[in-house]
Each structure stands twice: as structure tokens, then as C-alpha cells.
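**Q**
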Amino acid sequence: MAAESTMHLPLDVYVEGQDLTGQRYNDYLVLEKLDSGASSHAWRAEHTATKSQVVLKFTRRSPVNNGANSHSARVKQEAKLMGLFHHPNIARVLTTADLAEHTELVIAFGGSQCLLHHVLDADFVDESKARALFRQIVSAVGYMHGNCIVHRSLSLEKMMVNEGHVVITNMRFATPYRQFRGLTTYHGHAFYASPEMVNGMPYTGPEVDIWALGVCLYIMLCAKVPFPGNSLQEIYSSVISDIPNVPGYLTEEAQDLLSKMLLRDQDMRISMDDLIDHPWMNMDCDGVVDCHLPERPSVVHSPHMPSINQLSLYNIDSAATVNMLSDEGSVPTAATCAYHLLEEKRVRNGGGSRAVNEVVEREDADNEVPLIDLSD
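In our numbering, the protein residues as written are 3 to 378.
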């Protein structure tokens with residue numbers, strides 16, 4: 003559409019139900035609507051100067067302010083976490099802004115079709131194609147786990163695909179985890195919920211992501227859900243009681259992997275390391291899945307103080323983190339991983355004196371909501 007036939011919309015005028023297609027919104031020409039949900043709407047847009055493509059996502063803010071647990075606060079938390087990560091299969095948030103009734107995210111474009119629709123439109127995805135897609139998903143989730151973060155609400159609906167490249171676009175319920183069962187809350191779609199979530203049992207974190215990954219792979223290979231139901235009660239009953247029907251036409255390796263990912267016993271469920279090493283994951287591939295985790299020093303005696311000082315943005319105790327970084331007997335935590343992520347970002351941005359925050363917020367800094375608590 004020619005520039006003179008478009009309308010320029012100033013900031014703060016987006017209203018619920020408005021179709022932005024073909025219009026100018028700030029520095030973007032809106033190309034097409036991508037998705038609509040109960041509280042959010044998304045469009046593909048192009049920057050008028052650079053021609054780079056982005057996703058404009060508007061999420062309706064809750065009228066009730068519940069602090070760090072409010073919907074708008076979680077959107078901001080999600081944006082900061084995605085801005086801290088650096089992975090080819092995790093969407094990158096460019097800017098955030100508070101509008102009159104919505105929170106606006108500008109996200110680097112990762113594809114116009116969600117992976118679920120991609121799978122269902124194809125009706126059948128052979129194992130080699132499914133493997134190519136699934137390896138990318140596992141790479142992204144392995145990267146999160148390597149940084150002591152668990153996603154908790156994985157689903158094919160929260161992944162976009164473009165010419166075979168998969169990007170996870172939603173991390174609203176991601177949270178740090180520790181090596182004991184300290185999490186109890188239930189998030190995500192019922193079809194992807196693990197038995198321990200359904201039963202309200204404590205969990206560590208990675209095991210619920212492994213289960214959800216198993217559901218994703220089952221849908222990709224079978225074009226149906228492993229635990230069907232016409233109501234939440236029926237779905238939950240199936241998750242708790244049923245053994246998924248794995249079709250015999252799948253290879254033995256695929257059947258074995260699915261059975262190990264969808265084990266009801268969370269202690270017996272396959273680990274991320276064993277998933278990455280599983281024969282099915284590496285059939286006809288040059289090597290195991292690369293999670294893109296940089297090599298990091300096991301001990302840091304003289305940490306870079308500008309990065310240490312930025313930890314406060316993530317509600318992390320900087321002094322405690324300095325002690326953990328210098329402790330030869332300590333294991334990685336969300337706090338120490340956050341330090342390394344900030345340092346890696348600083349190096350990517352030219353090695354300056356501060357770890358540049360790539361997520362720009364067009365709002366009053368006094369209204370800043372800290373990222374989900376990454377402290378230990």
C-alpha cells in the first residue's frame with residue numbers, strides 16, 4: 003500500500019478491536035494481522051526506514067493492579083527476560099511501552115504461522131521434518147535450563163515458524179528454578195500440563211518442560227493430542243491415568259523417545275541431557291543439538307562491576323552473587339547465570355563499560371517493575 007494512502011497513528015491511540023492492517027503505527031507500516039487472543043492482538047509490521055520486520059503485540063492491561071503478579075507486570079518481566087537471552091530460537095523483544103489500556107511489545111519477526119497450524123495444515127509431518135523443527139525447540143529450552151530458567155507453559159501455539167526456522171515467542175510464566183522441588187503453580191494449556199501440575203504436586207521445573215516437549219513432539223508426529231478430552235476434567239483425567247497411544251507406524255526410536263518424555267513419574271522422566279543424546283534426536287544429523295550456551299568460567303574472582311550493578315534490575319542481591327561467583331564449590335544459579343548473560347551482552351555490544359539493555363522501555367523509570375525474582 004502506498005505511503006500516502008496510509009494513516010499515521012500516534013502513540014496511545016490503539017483501542018481494543020481496532021484493525022491496524024495497512025496503516026502506519028509510529029515508525030511501522032502494519033502489514034497483516036497474525037493472532038488474536040482473549041487479552042492480546044498481534045500484527046506483522048515493517049519499519050519504514052530500515053525495512054526490518056517486527057511483530058507489534060498489544061496486551062490488555064488488568065484494571066486491577068496486583069503488583070508483580072499483575073498481567074501487565076508479567077508482560078514487562080517477559081520482555082526483560084527475552085531481552086537478556088541470546089538464542090536463535092527465542093524471540094527478541096526490541097521495545098516495550100505502556101499505552102492507555104494496553105502494554106505494547108515490539109518483537110523481532112520470527113514467522114507468520116504458529117507451529118501448531120503449520121503441523122495441522124500439513125496433516126502429517128514425517129519424522130525427518132519433525133526432527134529438524136523439534137531440535138530447534140529443544141535447543142531453545144536447553145538454553146533456558148542451562149541458565150536456570152524453566153518455561154512452564156510450552157506449547158506449539160507459542161512458537162512461530164518461518165521457512166523451517168522455529169522461534170519461541172511467549173515466556174510469560176518463565177521462572178528461575180533450583181535443584182529441589184520449590185515450584186507449585188500451574189500454568190499453560192491443559193493439553194500440555196504434566197501430571198504433577200494437574201495434581202498440584204511440587205516440582206523442580208525442567209521435568210514439566212520435558213513433558214510439554216513430549217506433547218509437542220506427539221502432536222507433530224501424530225497430528226493429535228496424546229491426552230484428549232472435551233472438558234478440563236476429561237483432559238486432566240487422561241493426563242493422570244492414561245498411557246498415550248503411540249502409533250505403530252512411528253520408528254522404534256520415536257516410540258521410545260515419546261514413552262520416556264511422557265512418563266507420569268517425574269523422577270523417571272527423561273532428562274534434558276539424555277533427550278539431547280537420544281538416538282532419534284540425532285538420526286541423519288551432523289551432531290547433537292547445540293543449545294548455544296557459551297563456555298563460562300567456573301569461578302569469577304574479579305567480576306565486572308557494571309554488570310554486577312545491573313543485577314538490581316532483576317531483583318538480584320549483587321553482594322551475594324559476587325560471593326557465589328568466587329566460590330569454587332558453588333553450582334550455577336539463576337543469579338550467577340544472569341551475571342554471565344549480562345557480560346555476554348556487554349561483549350556482543352562491543353565490550354563497553356556497561357551491559358547495554360537491548361529492551362528499550364518508553365515509560366517513566368519510576369514505574370519500573372523488576373524482572374521475576376532471579377535471586378537465590
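Don't be surprised by glycine CBs; every beta carbon is placed ideally from N, CA and C.
Since this is a predicted model, take the numbers as computed values, not measurements.
Considering only residues of the same chain and omitting the five flanking positions on each side of S239, which have a CB-CB separation below 8 Å?
**A** Same-chain partners within the cutoff: G231.
**Q** What do you get for S355, buried or exposed, if any count of 16 or more other CB atoms within 10 angstroms of its CB means buried?
**A** Low confidence applies to S355: its pLDDT is 47, below 50, so where it sits in the model is not reliable, and the reading given next is rough at best. Exposed is the call here.
**Q** Which runs of the alpha helix (DSSP H) spanning at least 4 residues fall entirely within the stretch 284 to 350, listed in chain order?
**A** The qualifying runs are 307 to 312, 320 to 328, 336 to 350.
**Q** Which of helix, strand or coil does DSSP assign to D258?
**A** In the structure shown, D258 sits in a helix (DSSP, three-state: H, G or I).
**Q** In the structure shown, what three-state DSSP assignment does F60 receive?
**A** Looking at F60 - three-state DSSP - the assignment turns out to be strand.
**Q** Taking DSSP's pairing of strands, which residues face S42 in a bridge?
**A** DSSP lists T61 as partners of S42.
**Q** Taking 9 Å as the cut-off, decide whether the C-beta atoms of L327 and Y316 are in contact.
**A** Cβ atoms of L327 and Y316: not closer than 9 Å.
**Q** Using the C-alpha atoms, what's the distance from L158 back to L36?
**A** Going from the Cα of L36 to the Cα of L158 covers about 15 Å.
**Q** On a Cα-Cα basis, can you pick out the residue from S243, R133, T61 that is closest to V200?
**A** Ranking S243, R133, T61 by Cα distance to V200 puts S243 first.
**Q** Quick one: using the 10 Å Cβ neighbour count with 16 as the cut-off for buried, is Q138 buried or exposed?
**A** It is buried - the Cβ of Q138 has at least 16 other Cβ atoms within 10 Å.
**Q** Is it buried or exposed for P2, if we count other Cβ within 10 angstroms and need 16 for buried?
**A** As displayed, the chain neither begins before 3 nor continues past 378, which places residue 2 out of reach and without an answer.
**Q** Whole angstroms are fine: how far does the CA of N311 sit from the CA of C224?
**A** Taking the straight line joining both Cα atoms gives about 49 Å.
**Q** In whole angstroms, what separates the C-alpha of Q181 from that of T335?
**A** Those two C-alpha atoms are separated by around 9 Å.
**Q** At the level of alpha carbons, what is the spacing between G184 and D329?
**A** Going by the C-alpha atoms only, they are around 23 Å apart.
**Q** From the DSSP output, read off the bridge partner residues of Q422.
**A** Since the first residue of the chain shown is 3 and the last is 378, residue 422 is not available in this structure.
**Q** Is the beta carbon of S141 sitting closer than 9 Å to the one on M285?
**A** No, they are not a contact pair.
**Q** My understanding is that R63 touches E103, with C-beta atoms under 8 Å, so please give their C-beta distance in whole angstroms.
**A** Yes, they are in contact, since the Cβ atoms of R63 and E103 sit about 6 Å apart, within 8 Å.
**Q** For H167, which three-state DSSP category applies?
**A** Residue state, collapsed to three classes: strand.
**Q** So H120 is in the alpha helix (DSSP H); what residue range does that whole segment cover?
**A** First-last of the alpha helix (DSSP H) with H120: 117 to 124.
**Q** Just to confirm, are C293 and R133 a CB contact at a threshold of 9 Å?
**A** Contact: no.
**Q** Helix, strand or coil, according to DSSP, for D100 in the structure here?
**A** If DSSP states are grouped into helix, strand and coil, D100 belongs with the strands.
**Q** Can you round the beta-carbon distance between L33 and A47 to whole angstroms, since I take them to be within the 8 Å contact cut?
**A** Yes, they are in contact, since the Cβ atoms of L33 and A47 sit about 6 Å apart, within 8 Å.
**Q** Looking at C-alpha atoms only, which residue of Q20, S155, S332 is the closest neighbour of H303?
**A** The candidate whose alpha carbon is nearest that of H303 is S332.
**Q** Could you check what DSSP says for K35 in three-state terms: helix, strand or coil?
**A** The answer is strand: DSSP assigns K35 an E or B state.
**Q** If I follow the unbroken alpha helix (DSSP H) through P249, where does it start and stop?
**A** P249 -> no alpha helix (DSSP H), and no H or E assigned at all.
**Q** Please classify Q20: is it buried, with 16 or more other beta-carbons within 10 angstroms of its beta-carbon, or exposed?
**A** Q20 is exposed by the Cβ-count criterion.
**Q** Sort M222, S196, E255 by Cα distance to W213 and report the nearest one.
**A** Answer by Cα proximity: S196.
**Q** Compute the Euclidean distance between the alpha carbons of R348 and P296, then round it to the nearest angstrom.
**A** Looking at the two C-alpha atoms, the distance is approximately 14 Å.
**Q** For the alpha helix (DSSP H) holding P394, just list the boundary residues, first then last.
**A** Coverage of the chain is limited to positions 3 through 378, which leaves residue 394 absent and any answer about it impossible.
**Q** Let me know the secondary structure DSSP gives M203 once reduced to three states.
**A** Correct three-state label for M203: coil.
**Q** Under the three-state reduction of DSSP, which class applies to D14: helix, strand or coil?
**A** Because D14 sits at a pLDDT of 45, beneath the cut-off of 50, its placement in the model cannot be relied upon, and the following sentence gives the value as read from the coordinates. Reduced to three states, the DSSP call for D14 is coil.
**Q** Which term fits M173, buried or exposed, when burial requires 16 or more other beta carbons within 10 angstroms of its beta carbon?
**A** It counts as buried.
**Q** Could you tell me if R350 is buried or exposed, where buried requires 16 or more neighbouring beta carbons within 10 angstroms of its beta carbon?
**A** Exposed is the call here.
**Q** How would you write the range of the alpha helix (DSSP H) that G216 sits in, first residue to last?
**A** First-last of the alpha helix (DSSP H) with G216: 208 to 224.
**Q** What residue from I170, G216, M222 has the CA that sits closest to V121's CA?
**A** The shortest Cα separation from V121 among I170, G216, M222 belongs to M222.
**Q** Let me know the secondary structure DSSP gives A264 once reduced to three states.
**A** Before going further, note that residue 264 is Leu rather than Ala in the sequence given. In this structure, L264 counts as coil in the three-state DSSP scheme.
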